[in-house]
Structures are given as structure tokens and as C-alpha cells.
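A quick write-up on the structure given underneath.
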Amino acid sequence: MQRRSRAIQLDALWTLRYKYGASGQGCTIIPCNNNPLRGADVAATKNNDRYLFTSESVSMGHPDKVSDQISDAVLDSLLAADPNARVACETLCTTGLVVISGEVTVDSRKVEAIRALDNVEATARKVIAEIGYTEPAMKFDADSCAVIRTLHAQSADIAMGVDREGAGDQGMMFGFACRETPQLMPLPIQLSHKLMDQHVKVRRSGKIKGLRPDAKSQVTVAYEGLKPQFVHTIVLSTQHHPMWNGKAKQKKLREEVIKHIIKPVIPKKLWNKKVVIHVNPTGQFEIGGPHGDTGLTGRKIIVDTYGGRGRHGGGAFSGKDPSKVDRSAAYMARYVAKNIVAAKLADICELQLSYAIGVAEPTSVHVDCFGTNKIAPEKIVELIRANFDLTPRGIIKTLDLRRPIYRQTAYHGHFGNSSFSWEKTDKAAKLAKALK
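Residue numbering for the sequence shown follows the numbering used here, starting at 70 and increasing by one per position.
Below, the structure written as C-alpha cells:
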């Protein structure tokens, strides 16, 4: 097919331009800025309207995060022994019970890999203990819970496509970055994660006695246009020992939580005397963890990403080896978006990638800068294609993903932590040359 481009009008709202290669395949979507799905958001930011935006986080002891960490600890143990292991590990945890299920394929010639597979139960118990579930009174603890393991090999049909270095599944993945924080993350989710980081420190240090592992945070930020103005509302719920039961004790706990967890996290410039603070608003939170709610892998995907500020393709991360583009391509999309913002090509960048199972090249690349781009969006897409290898193999190599690094991603967010390879901005200087 002769190289050509054509514009297709969709619902008279936005235009997608398809650029065809010599084979007619591998089209790239070049975006425009009047995205109808985000029209209200863009209008609000352009008009400097005032509005509130909220994100939440959960602690490492939240039941869904317990499941995520077990799944990723199993993944790490297998990758440490066999970097090419294929893993899709799902975990359920409830009162006195953990169920670990999924598909695992390792090199049977590697003794350490077989040993890691045999030690899945021990891996799960170690994670549970490290989180802090060590008391039988919580009705879920590392020593007494039952662990059921039901793992089998990856489907041979799926393996065929992955063996050819194609994507392990179809789907779309999003990456996002903005200028609200030094980490180029949205402020509400970043503050929510920091509250949970502080909760862990205070709980483990004993600064507030009787805190237990399960906790949640939620932060509402007031904006004017694109700029955060102040923190409007904070919600922090923390599981606790029965010593904190009762109205008077809860009042004291509230004071301690504000003093030792909330105030050390919220910057003074964002604090105001009218901030609304809810601490354990139901009255008490003794019953929690997997005894209070059943936990499942992959059920906190918005907490894991951008707190609702950026879109999500729907695929969970934890328990999946990097051949699964649900995980690896989402990490790559963040890496690309962050470098675009770091290069000052845009103040906000959301990148969508999509893949077909067994096919290496992405089926589409789409960028939305919400009107904040400093160069044409077509040029940004061209820069992405020229500077980033978006094949599964290229992603794994670029981000060095065949390592046992995943358990630490499974609590308090997959993005915004500078120790992760996808948080590097090493391409920013080169990309910034496009501004000259």
C-alpha cells in the first residue's frame, strides 16, 4: 500500500489521523486536544475554575494489598531463580485462609526455580508476618492461617505468541504525568500514599501504641485551573487494638493520628485552618484486615496508579511477570509520559498504548496533553516512536524488568517512587531539543 494519511471524523467531535506504513499496519493515532471524554476537565483548567479532586490510598495491611504483596513476592521468588519465568499469580485472603492460584512456567532444569515453586506457602507466610499480622486475636496471622496452593503451567497457546516476543495479551494501558509534585504525580494520590507511608512508620515505631496493619487514607485537594491551592479534606481510618475502643479513646486516637501521621505529611503551604479531618469516622476500627474484608489481587488498580487523575486500561499489575503488557506497558507508558513532562514538552501528558496478543509492535499510540503541549501533538508522537522501543522485548530491556523488584511496588503505589526504573527521566534532555 502506498504511504498515505487520511482523516476520519468521529461523531463530529474529534479527528484521528491514521498514518499507514508500507504494509498498511501498525497505525499511529495522532491526537488533537479537544478530547470529548475530557472536555469538562480541560474547560475547567483553561478557565481557571475552582474545583475539588479526591484520591485515596490504602496501607500495606489492607486485605487487597496483602493479596497483591503475596502475589508479587511469589513472582519475585521465581524471577530470582529464573528471570524468564512466566507467572500469573492470584491470591485470595480471608479469615484464617490464603488461596494462591494461577499459571506458572519455569525452567525445570533450574533447581532453585523448582525450589521457589515448592516454597510458595513459606513465601506467603513471610509476607504476612512482615506486614504485621502476627497476633491470633486478629483472626488472620502468619503462623495459624491455612495456605492452599493451586498453580499450574501457562497455556501452550499463549506461550506460542510470547515465545515469538509478542505481547502476552491484548489490551490498552495508560501512563500519566503532570507538574503538580516533584515526582510529576498528581498531588491527591501522592499525599494519600505519603499518609500511608507515615502510618507504617508510626505503627512500627510504636509512637502510637495499638495501631494495626489495616488502614486507608483519602485526600481532597482544592484546585484553581491546573494549580493545587490547598488541602480541603483528609480521611484516615486505621485499624487498632481494643484499647482504643470507646468514644473518649477514639477522641484521643484522633489527636494522636493528626499529630503523628497527618501533620508531618501535609505541607504547611497546603494546610489551612478550615481543613476537614475525619479519623475513623465510623466510631472505631478494631475488626480489620482479611478478617474484616476478603482481599483479592488486583482490586486496587486506581490506588496503584494515579488516583483517578489519569485513565486506566483495566488490567491489574501484581503477580504478573513482565511479558504481561498489562504491567510492563503501563510502566513504560508512565516512563514515556514522565519524560515528556520532564522535558517541558507539556505540563500534563497522558499516553495510551494498545497491543494485540502475540504481536510485538503496539497497535496504537495516543497522546493527550490537555492543551498544555508546547509543540504539536503529532510531533510528540513522532518523538515517542523515535526514542522509545515499545515492543514487549524493548520495554523489558529498557526498564530492566526481569528482576525480583515487584513486591515493593505492591503497596503505596507503583508510580512516584524514584527507586523504580520507570521513574527515570533520562530521555528528557534529548526530548527537550524539540523545543529549540
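C-beta: ideal position from N, C-alpha, C; glycine also.
The model shown is predicted, which means the values in this text are computed figures rather than measured ones.
Inset, instruction - Could you pull out every residue in the same chain whose Cβ sits closer than 8 angstroms to the Cβ of Ile444, ignoring the five residues on either side in sequence? - result: So the qualifying residues of the chain are Leu414, Ala503 and Leu504.
Legend entry - CB of Pro473 within 8 angstroms of CB of Ala149, strictly: Yes.
Inset, instruction - For Leu264, I'd like the list of residues in its chain whose CB is within less than 8 angstroms of its CB, leaving aside the five on either flank, ordered along the chain. - result: Cβ-Cβ distances below 8 angstroms link Leu264 to Ser126, Ser286, Val288, Ile303, Leu305, Ile330, Ile331 and Val334 in the same chain, with the five nearest sequence neighbours on each side left out; the list follows chain order.
Inset, instruction - Pull up the distance between the alpha-carbon of Leu459 and that of Ala501, whole angstroms please. - result: The straight-line gap from Cα to Cα measures roughly 20 angstroms.
Inset, instruction - Give the range of the beta strand (DSSP E) segment to which Ala291 is assigned. - result: Looking at the DSSP string, the run of the beta strand (DSSP E) that includes Ala291 is Leu280 to Glu293.
Legend entry - Contacts around Ala246, its chain only, beta-carbon distance under 6 angstroms, and the 5 residues preceding and following it disregarded: So the qualifying residues of the chain are Leu253, Ala406, Lys407, Val410 and Cys418.
Inset, instruction - Starting from the C-beta of Ile217, find all residues in its chain whose C-beta is less than 6 angstroms away, skip the five residues before and the five after it, and write them out in chain order. - result: Contacts found: Val168.
Legend entry - Residues near Leu260 by beta carbon distance below 6 angstroms, same chain, minus five either side: Cβ-Cβ distances below 6 angstroms link Leu260 to Val288 in the same chain, with the five nearest sequence neighbours on each side left out; the list follows chain order.
Legend entry - Sequence ranges, beta strand (DSSP E) only - wholly within the stretch 320 to 408, length at least 3: Every beta strand (DSSP E) stretch that sits fully inside the stretch 320 to 408 and reaches 3 residues is listed by chain position as 345 to 348.
Inset, instruction - Report yes or no: do three or more beta-carbon pairs, one from the stretch 358 to 365 and one from the stretch 418 to 436, lie closer than 8 angstroms? - result: Of all C-beta pairs linking the stretch 358 to 365 to the stretch 418 to 436, fewer than three are shorter than 8 angstroms, placing the two stretches out of contact.
Inset, instruction - In the DSSP assignment, find the unbroken beta strand (DSSP E) run with Asp151 in it and report its ends. - result: Element bounds for Asp151: n/a, residue is neither H nor E.
Inset, instruction - Provide the residue span of the alpha helix (DSSP H) that contains Val180, from first to last. - result: Looking at the DSSP string, the run of the alpha helix (DSSP H) that includes Val180 is Val180 to Asp187.
Inset, instruction - Just mark His221 as buried or exposed, buried being the case when its beta carbon has 16 or more other beta carbons within 10 Å. - result: The residue is exposed, with fewer than 16 neighbouring Cβ atoms inside 10 Å.
Inset, instruction - For the stretch 136 to 144 and the stretch 194 to 212, state whether three or more C-beta atom pairs, one from each stretch, are separated by less than 8 angstroms. - result: Yes: at least three Cβ pairs fall under 8 angstroms.
Inset, instruction - Reducing DSSP to helix, strand and coil, say where Met129 ends up. - result: In the structure shown, Met129 sits in coil (DSSP, three-state: anything other than H, G, I, E or B).
Inset, instruction - Would you identify the three-state DSSP class for Thr432, choosing helix, strand or coil? - result: Coil at Thr432, not helix or strand.
Inset, instruction - Run the CB neighbour count on Tyr120, radius 10 Å, all protein chains shown included, and call it buried at 16 or more, exposed below. - result: The residue in question, Tyr120, is exposed, as its Cβ has fewer than 16 Cβ neighbours within 10 Å.
Inset, instruction - Please say whether Ile371 and Glu325 have beta carbons closer to each other than 8 angstroms? - result: For Glu325 and Ile371, no; Cβs fall outside 8 angstroms.
Inset, instruction - Could you check the C-alpha separation between Tyr202 and Ala497 for me, to the nearest Å? - result: Whole-angstrom Cα-Cα distance: 43 angstroms.
Inset, instruction - Give me the Cα-Cα distance between Ala429 and Glu234, rounded to the nearest whole angstrom. - result: Separation of Ala429 and Glu234 (C-alpha to C-alpha, rounded to the nearest whole angstrom) is 6 angstroms.
Inset, instruction - Can you give me the start and stop residues for the beta strand (DSSP E) that Gly171 sits inside? - result: Its beta strand (DSSP E) spans residues Leu166 to Thr174.
Inset, instruction - Return yes when the Cβ of His309 is within less than 8 angstroms of the Cβ of Gly279, no when it is not. - result: Cβ atoms of Gly279 and His309: closer than 8 angstroms.
Inset, instruction - Can you tell me which of the three DSSP states Gln477 falls into? - result: Gln477 carries a helical assignment under DSSP once its states are collapsed to helix, strand and coil.
Legend entry - Simplified DSSP assignment, three categories, for Gly463: It is helical.
Legend entry - Burial state of Thr219 (16 or more Cβ within 10 Å): Exposed, because fewer than 16 other Cβ atoms sit within 10 Å of the Cβ of Thr219.
Inset, instruction - Return the CA-CA distance between Gln239 and Ala425, expressed in angstroms with no decimal places. - result: Cα-Cα distance, rounded: 4 angstroms.
Inset, instruction - Could you tell me which residues DSSP puts in a beta bridge with Cys162? - result: Looking at the DSSP output, Cys162 sits in a beta bridge with Val167 and Gly364.
Legend entry - Ser124 - DSSP class collapsed to helix/strand/coil: Looking at Ser124 - three-state DSSP - the assignment turns out to be strand.
Legend entry - Ala399 versus Ala412, Lys389, Gly388 and Leu422, residue with shortest Cα-Cα distance: Measuring from the Cα of Ala399, the nearest candidate turns out to be Leu422.
Inset, instruction - Taking only runs that begin and end inside the stretch 190 to 217, name each unbroken beta strand (DSSP E) of 3 or more residues, in chain order. - result: Whole beta strand (DSSP E) segments, 3+ residues: zero.
Inset, instruction - Can you tell me which of the three DSSP states Tyr87 falls into? - result: At Tyr87, the pLDDT of 31 sits below 50, so the modelled position is not reliable; the number obtained from the coordinates is stated separately. Strand.
Inset, instruction - Starting from Ser261, trace the alpha helix (DSSP H) both ways and give me its first and last residue. - result: Taken as a continuous stretch (DSSP letters only), the alpha helix (DSSP H) holding Ser261 covers Leu256 to Ser274.
Legend entry - Beta-bridge partners of Gly244, as assigned by DSSP: Residue pairing by DSSP places Gly244 opposite Leu420 in a beta bridge.
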